[in-house]
Each structure stands twice: as C-alpha cells, then as structure tokens.
Amino acid sequence: MSDIILKTVGLYKQFGALSAVDHATIDFKQSEVHVIIGPNGAGKTTLINLLSGDLLPTGGTIHYKDQEITDLPPDQISLLGIGRSYQKTNIFPEFTCKENCWLAGQSRQGSSMKFFKAASRLKEVHVRAEKGLEMAGLTSQANTVASAMSYGEQRQLEIAMMLATEPDLLLLDEPLAGMGTEEATEVTKLIKKLSEDHTIILIEHDMDAVFAVADTLTVMVNGAVLETGTPEQIRASKAVQEAYLGDEDGDH
Amino acid sequence: MTQEKIMRFILIGFVAILAAGPLYLETYYTELFIHMMVLGIFAMSLDLLIGYTGLVSFGHAAFFGLAGYLLAIVTPETEPTAIWISLPVVLAGCAIAAAVIGWFSVRTSGIYFIMITLAFAQMFFYYFNENNDLGGSDGMFISNKPLVGWGDFQFLDLENTTSLYYLVFAGLLASYFLLRTILNAPFGQVIKGIKANEHRTKALGYNTQNYKLVVFIIAGTMAGFAGFLEAASSGIVSPGNLHWHHSGIVIMLVILGGMGTLYGAVFGAFILTLLQDKYTGMVELMPDFMSGMADHWHLFQGIFIILVVLLVPNGAVSLLAKISQALGKKEDAK
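Protein sequences, first through last, are from chains A and B. For the first sequence, this note's numbering begins at -7 and goes up steadily by one. For the second sequence, this note's numbering begins at 7 and goes up steadily by one.
And the structure:
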C-alpha cells in the first residue's frame, strides 16, 4: 500500500440535488501519470477541486501520504506538496511572468510575514521562479506582463507557477485546453518529462495526449467512477466504450 | 532622463519644498502644511489597504479619531506626558482596535467588507459622541503637548510651530519609507498578490486571511500615528474625527491623488486641503461676479472631483507620470 500517494474513499460532493462526484474511491499510485477522462459534466473538475481544497466534500475522505487532508484549505494542501493548474486561466494578470512565478516560489520560503528584508534578495526564490519559467518554456517572456501574452502562453504560465512551488504531486486540469497543435505537443512533452520525477493526476480531453502519457486511466460518468485500469484495459472495456469512447468515435 | 528619473526628481523637489517650509511660510500656512502632512500620512495608510491589498475600508477614521482620544486620556490637565509614553500607548491601542475590527472584517470581502468597516467605525463614533466623561459631542482638549525629552530636558518644544512642523515632516518621511520597505519585502509581494488574484494567492500556499489581518493592523496603527500627530498639533479631539464622513474624505484623497503609489495619497491630501482653504482655495480664485456663490464651494469641489475622475482616472500622479513621460521622450529625441 505504501506506493499509494493519494486516495479518495467514498468521496462525494452534492450541489443541491446533483451528485457532482458520487462516492468516488480511487487510488493514485506514486510516480504514475493517472488520467481521469469522462464526458463533460462527469465531475472531473469537481474532483480536482476537492483534492486541491478549493471545494469541501459533502462526505467521504481524502488521504495524502499518511495524512487525512479531507477538510484542509487550499493553502495548506499546497504546502504539503500538491500543486495544481487550473482549467480556467488563473494567474496574476498585471504581474510579469517572472513576478507570477516569484510569488509561487516565495510560498516555499516558510512564512512570508517578513517586513524589512527586500524580497528580491531571496536567492532561492529566484532559482525556483527561473526554473518554473524554464521548464514551461517561458524564459524569454520573463519580463512580459501576463495579460499581454497569448492564451496559450498564459496556459504555460499556469504550469510554470505550479512548478515554481516545487510540488511532488501535480493536479493538471485540462492543461491543453485552448492551445494550438504546436503548443499542445510541447506541453504533452513537458508532462511526459515531468512524469519522470512527479506523480501526476491529469484531466484531459485530447485522447492522443491521454494515451501518450497515461499509466493508469479512470473513467468517470455522472460523477461516479465507471472503471479504472491500464490504457489497454480501458480501450478494451465494453462499458467504457458504450458510455464514453463509443460516443466519441461516433462523433468522428 | 528616463521617466522614472524625472518622477524621482519631482518627488525630491516636493520633499525639498516641504523641508524648507517654515523658512518661507507664514504661521497660518505652516499650520496648514502640518495639517496636510498629517492627512498625507493618514491617506498613505489607507492606500496600503485600497491601493495595494484591494481592501476598501470605509472605517479608517476610527483609528485616526481613537488615537486622538487615547492621547487626550493619557495627558493630564496639569502636566505634559512624555511622547515616549503616550505614543506607544496610542499606537498599541489602535493596533488592538485594528486587530479586533480586522478579525471580523477580513472574513468578508467586497461590498460586505466596506459595510462592516463602516459599521464598526460608526460604533466608535457613537461611543465617543455620547460618552459625557469624554466630552460627548464637544470632544476633549489636550491641554499639554507631548513632551519630547526627559524630565526637565526638552529636546523639542512642540508648542513651537516650527518644531512641531519638523516632527510631523519626519513622521511623514518615516511613514513613507516604512511602507516602501514593507511593500518590497516578502510580505508586500503577498498583499499585492491578494489584490491581483486572492484565490490564486491562496492556492499557492498563502493563508490570505492572516495576511489581510496583518496589513489591516499595520494600516490601522499608522492611521493612529496620524491621529496622534493631528491631536498633538491641534490640541483638540472631537467625535467628528471618527465620523464616516471623515473616512469618506480620506478615500477621496487616495483616489484623487492616485492609488497604489503612496506619494499619490500625499498629493491628494495637499490638493484637496488647498482647494478647501479659505485663502488659497476655490473661493478665493472665483471671479468677482461669482462671489455670491462662495458659500457653495462644496458644489465646485464636487465638480472638480468629477472632472478629475473623468479626465485623469488614475489620479493626480498619473498626470505627473504623463508629463514626465512626455519630457522623457523629448530628451530621448535629442
């Protein structure tokens, strides 16, 4: 069991009469890329929001390493080493790229309740911010104001900020959404590279990317877990084909 | 010269004008300048909340007024109290009040934050307005100025307007540089992040509520410092200092001068005070045929403010920035 880094047990989230996440029990293994797929409205983003603390679950539990994190707020979850990127771009628009990553990196300095030392003298933060920018391919844009960048670049910045917090576990919510083919290929490569030394939980609609990076797949439908398995198992599953992949093929 | 250098040049010039103030100002204006510098400190403390953290406090006058009352309470009628005692007591009192009000307020945001800070400030106002032991609606006199010295030795005599002027001037500079230091420190980065995107700041691992509470306490304490200087220089404190009207005026100073620059708030305090003054203000500048309207100067002040907000939406400092930009370009072209 020790190779399980994160698990949910009977996790559910109720919005009025709707069960957005319906008693999901999922084990996420250390060092794997675990992709969650499912049709729109299947509850994938709600699940990520529960894992990152952005939403509180109605019931069930979440365990990270040896700790229960079910009711922790987002800042504490972040400090445990769980980083997240958002589906809807969530950056500091009036800051430069470097400043965006700076604030991310500074969060690993211990408390920022420091009033008299110039922040710019924190060398470790420089290193973290630069590293985040470099990995996400934004070094040349370090001094560009975020709101002046293209949508795809803002998505990359989203990832750069997450990386500047040096997380162990990455929660990526549709990192490829709205990217051009070229950018998407770059980011897929980046995910592949990050998977070498990170555990990744990924939501993605781009099936080429999904099958290129996934070690394990979980299919969600109507908030519930339909099936979990290797990419081959999921491809072969009749239930999955009927509920999801079948529809997708029918569309093409 | 670059735009930044020109801006710095303007600021240094402004500081030099202030530094030499008592040399060329008549007593009336020396006192007016003291008042404007105090308002400048008050406005800067609010700029920390509005311009840098994105917290619109509509009850900032509570700390300004509370400080005056605390000074009045610790100053006996018969002898002065040393500033080394009265100032820490006043600042600590304001910090505690800000901690209590802030603890409740930072749990809300947007319009609710505005309403809750306003409600607290009005509670303070009514407490002092109706407490007859503290002079009720008449307020209190502070019979003795704070003593700057030890025992019989007086380092600065605050009865002397020039001494008072330089104490306040030093307070203005100290407040400015203290805020600048805080804003450049790790703490400052976090509060700017809260203004830009609080949700993301929290997701990056910062307990934003704690940071908002601390910045609220810093701002409240500095407003208390301004209130202390105001009460010490005027020798009187009244409930009007805590009224929501006064909180509204200081918001106006920050917006008129330009948010998020600190010195903009100081300019705002100077501009608005000079416009209101009976000698330098609008009334004096009116042509004769309009003199009958002198009683309605508030109307003209309103028109002026509407014009500024429409024409120079980022406040008076943005006008300065534009001028220095234009000058900078001219230089570059040479």
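Every residue, glycine too, gets a C-beta built ideally from N, C-alpha and C.
Sorting A:Ser99, A:Lys80, A:Lys123, A:Leu48 by C-alpha distance to the C-alpha of Glu166 (chain A) places A:Lys80 at the top.
A direct Cα-Cα distance of roughly 54 Å separates Glu91 (chain A) from Glu83 (chain B). B:Phe159 is the residue among B:Gly321, B:Phe159, B:Val221, B:Ile56 whose C-alpha sits nearest the C-alpha of Pro86 (chain B).
Under the Cβ criterion of 8 Å, Arg76 (chain A) is counted among the residues facing chain B.
Taking a Cβ-Cβ threshold of 7 Å, the residues of chain A close to Gly199 (chain B) are Phe84, Leu95, in chain order.
Two segments are said to touch when three or more pairs of C-beta atoms, one from each, lie closer than 8 Å; by this definition the region 47 to 56 of chain B touches the region 214 to 226 of chain B.
If you look at Val112 (chain B), you'll find it isn't in any beta strand (DSSP E); DSSP assigns it neither H nor E.
Listed along chain A, the residues sitting closer than 9 Å to Ile188 (chain B) by beta-carbon distance are Phe107, Phe108. Burial state of Tyr143 (chain A) is exposed, judged by a 10 Å Cβ sphere holding fewer than 16 other Cβ atoms. For the region 126 to 139 of chain A, the beta-carbon criterion of a distance under 9 Å to any beta-carbon of chain B is satisfied by none of its residues. Per the C-alpha coordinates, the member of B:Ile188, B:Asn135, B:Ile261, B:Val80 positioned closest to Pro152 (chain B) is B:Val80. Under the Cβ criterion (8 Å, minimum of three pairs), the region 189 to 199 of chain A does not count as touching the region -1 to 11 of chain A.
For Thr157 (chain A), the nearest CB of chain B lies under 8 Å from its own CB, placing it at the interface with that chain. Judged by pairs of C-beta atoms under 8 Å, the region 178 to 194 of chain B does not touch the region 243 to 252 of chain B, as fewer than three such pairs exist. Judged by DSSP secondary structure, Phe276 (chain B) falls within the alpha helix (DSSP H) whose first and last residues are 269 to 282. With a beta-carbon spacing of about 6 Å, Leu125 (chain A) and Cys93 (chain A) fall inside the 8 Å limit used to define contacts. By the 16-neighbour rule on beta-carbons within 10 angstroms, Pro159 (chain A) is buried.
Separation of Val106 (chain B) and Val323 (chain B) (C-alpha to C-alpha, rounded to the nearest whole angstrom) is 34 Å. In the three-state DSSP reduction, Arg100 (chain A) falls in the coil class, being neither helix nor strand. C-alpha of Val27 (chain A) to C-alpha of Leu333 (chain B): approximately 57 Å in a straight line. Rounded to the nearest angstrom, the gap between the Cα atoms of Met228 (chain B) and Thr157 (chain A) is 34 Å.
Interface with chain A (8 Å Cβ-Cβ cutoff): Lys218 (chain B) is excluded. Against chain A, the CB of Gln195 (chain B) has a partner CB under 8 Å away; the residue lies at that interface. For Leu164 (chain A), the pairing in a beta bridge is given by DSSP as A:Ser77, A:Leu194. For chain A, none of the residues of the region 49 to 80 of chain B brings a beta carbon within less than 8 Å of one of its beta carbons.
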